[in-house]
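For the sequence shown, this note's numbering begins at 331 and goes up steadily by one. Have a look at the structure below, then the notes.
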Amino acid sequence: MNDVKRNSQNITKKGDILDSELRPTTWDSYIGQARIKDNLHIILSAAKKRDEVPDHILFYGPPGLGKTTLANLIAYETESRIKMIAGPVIEKSGDIVAILTNLKQGDILFIDEIHRINHMIEEYLYSAMEDFKISLILGKGPMAKTIDLNLPRFTLIGATTRLDLLTSPLRSRFGASFQLNFYSEEEIQKIIKRSSSILKTDIDNDSVLQIAKRSRFTPRIANKLLKRVRDFAEVKGDGIITYDITKKSLDFLEIDELGLEKEDRKIISAIIEKFNGGPVGIQPLAAATNEEERAILDIYEPYLMQLELIQRTPKGRIATKKAYKHLNICPNDQSPLL
C-alpha cells in the first residue's frame with residue numbers, strides 16, 4: 331500500500347515538473363497577448379527607473395490563458411521573490427495577516443482566484459495595497475486597542491476568471507488591469523510546436539493544425555491535448571505524431587472539430603431540446619445538464635459564446651443557427667434563432 335502511495339506521489343511530481351517545463355520562462359517564449367506584454371514592459375521599466383516597486387496588477391479572463399505565467403515573468407523581470415496562494419485558501423483574518431507580515435521589500439504576492447476571498451478578509455488588503463500597513467485590534471471590549479503594522483512595499487498581482495465578482499473597492503486599488511483574450515489559431519500552433527520541441531516529440535504540420543483547431547484557443551488545453559496525443563503515438567504507433575494518430579486520438583477523447591467536448595454538446599443540446607432553443611436561465615440549465623452553475627459560467631459558456639454557438643440575452647441563453655447546424659438539428663417554427 332505504501333509503495334502504491336509512493337508511486338502515485340512520484341507520478342504527480344513528474345506531471346507537475348512536466349507542466350512547469352512547458353510554462354514559458356522568458357518574455358520571448360511567451361507567445362500571444364502582445365498588447366499586455368507591451369504594457370507590462372512599460373510599467374516594469376518605469377518602476378525600475380524610479381527605483382520603486384511596480385503598481386498592483388490585476389489579470390482577468392478565462393482559465394488557461396496565462397495569468398499565472400505572466401505573474402512569474404514579472405517576478406523574473408524584476409528579480410523579485412514571488413509568493414503564490416489561492417484565494418479560497420485564505421479562510422481567516424489571521425491567514426492574510428500572516429501572509430502580509432512575512433513579505434519582504436519588493437516581494438510579489440500573487441493571489442489566484444482573488445474574487446473568492448471572503449469580503450471581511452478582503453478589507454485587510456485595502457490599507458495594505460494603498461498605504462502598505464494593516465490595522466489590528468488587540469483585546470476585546472473597553473480594553474481593546476488598535477495598532478498599525480507597517481508593511482514593506484510589495485506588488486500584489488491578482489488573477490480572476492470572474493471580474494464581475496470582484497468588489498469595486500478592491501478592483502479600484504489595482505494600478506493596472508488587463509483582460510487576457512483567447513489566442514488566435516496561429517498563436518496556438520506556435521505554442522504546440524514549442525511544446526513538442528520541449529517534449530522531444532516529432533509532429534507534422536497537419537497534426538499541429540488539428541490540435542490547434544480543437545484547443546479552444548487556450549494554451550493550457552493545447553498542451554494537454556498534445557500530451558494525450560503523444561501518449562497515443564507512443565502506444566499505438568512509433569512515437570511520431572502523425573495526422574492519422576492525431577485524428578484517432580481526438581476522436582477517442584470525444585473532442586470534435588470545433589474543440590467541443592461531450593459536456594459542451596450536452597449544454598447546447600439541452601438548450602435546444604429541453605428549452606426549445608432558449609432563452610433559458612443559468613439555474614434551470616444547470617439542473618437540466620447536471621452541471622455546476624460556476625462550471626457553466628467559467629468553463630463552458632465563454633468558449634461557446636466565442637464560437638457564437640450560444641448567445642446571452644436579458645432573458646437567458648439562446649442557441650444560434652450555428653449550434654443547430656453543428657449538432658445537425660433542424661429548428662422548429664418556435665425556435666428563437668439569431
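Every residue, glycine too, gets a C-beta built ideally from N, C-alpha and C.
In summary, H449 is exposed, with fewer than 16 beta-carbon neighbours lying within 10 Å of its beta-carbon over all protein chains present.
The distance from the Cβ of Q363 to that of G396 is about 6 Å, consistent with a contact at the 8 Å cut-off. Contact between the segment 605 to 624 and the segment 641 to 649 is present, with at least three C-beta pairs closer than 8 Å.
Under the three-state reduction of DSSP output, Q435 falls in the coil class, being neither helix nor strand. Around the beta carbon of T476, fewer than 16 other beta carbons lie within 10 angstroms, which makes this residue exposed. For N606, the secondary structure class from DSSP, reduced to helix, strand or coil, is coil. Shown here, Q363 sits in coil according to DSSP, grouped into three states, outside any helix or strand. Under a 10 Å Cβ-count criterion, H445 is classified as buried, with 16 or more other Cβ atoms of the shown protein chains found around its own Cβ. Judged by DSSP in its simplified three-state form, F512 adopts coil rather than helix or strand. For A600, no alpha helix (DSSP H) run applies, since DSSP gives it neither H nor E. A direct Cα-to-Cα measurement between F605 and Y633 gives close to 21 Å.
The beta carbons of R544 and I575 sit no closer together than 9 Å.
Taking a contact as a CB-CB distance under 8 Å, the pair I571 and S525 does not count as one, their CB atoms being some 11 Å apart. Residue environment analysis places L495 among the exposed positions, since fewer than 16 neighbouring C-beta atoms fall within 10 angstroms of its C-beta. Its chain contains no residue whose beta carbon lies nearer than 7 Å to that of R380 once the 5 sequence neighbours on both sides are disregarded.
Residue pairing of F440 in beta bridges, as defined by DSSP: M414, I487. Each residue's CA atom was taken as its position, placing G567 and L529 some 17 Å apart.
If you look at L580, you'll find it isn't in any beta strand (DSSP E); it sits in the alpha helix (DSSP H) that goes 573 to 582. For the pair of segments examined, the segment 613 to 621 was found not to touch the segment 548 to 568: the number of CB pairs separated by less than 8 Å stays below three. Of the residues assessed, N432 falls on the exposed side of the cut-off, its CB having fewer than 16 other CB atoms within 10 angstroms. With a cutoff of 9 Å on beta-carbon distance, T531 and L555 are scored as not near each other. By the Cβ-count criterion, G424 is exposed, with fewer than 16 other Cβ atoms from all chains shown falling within 10 Å of its own Cβ. Within the DSSP secondary-structure output, Q641 pairs in a beta bridge with I648. DSSP places I387 in the uninterrupted beta strand (DSSP E) bounded by 387 to 390.
Of all C-beta pairs linking the segment 499 to 512 to the segment 375 to 392, three or more are shorter than 8 Å, placing the two stretches in contact. Contact fails between the segment 457 to 468 and the segment 403 to 414, because fewer than three Cβ pairs, one in each stretch, are under 8 Å apart. Counting along the chain, no alpha helix (DSSP H) covers E382, and no H or E run does either. DSSP places K554 inside the alpha helix (DSSP H), whose first and last residues are 549 to 566.
In this structure, the straight-line span from the alpha carbon of F484 to that of R365 is close to 25 Å. Under DSSP, A458 shares a beta bridge with no residue.
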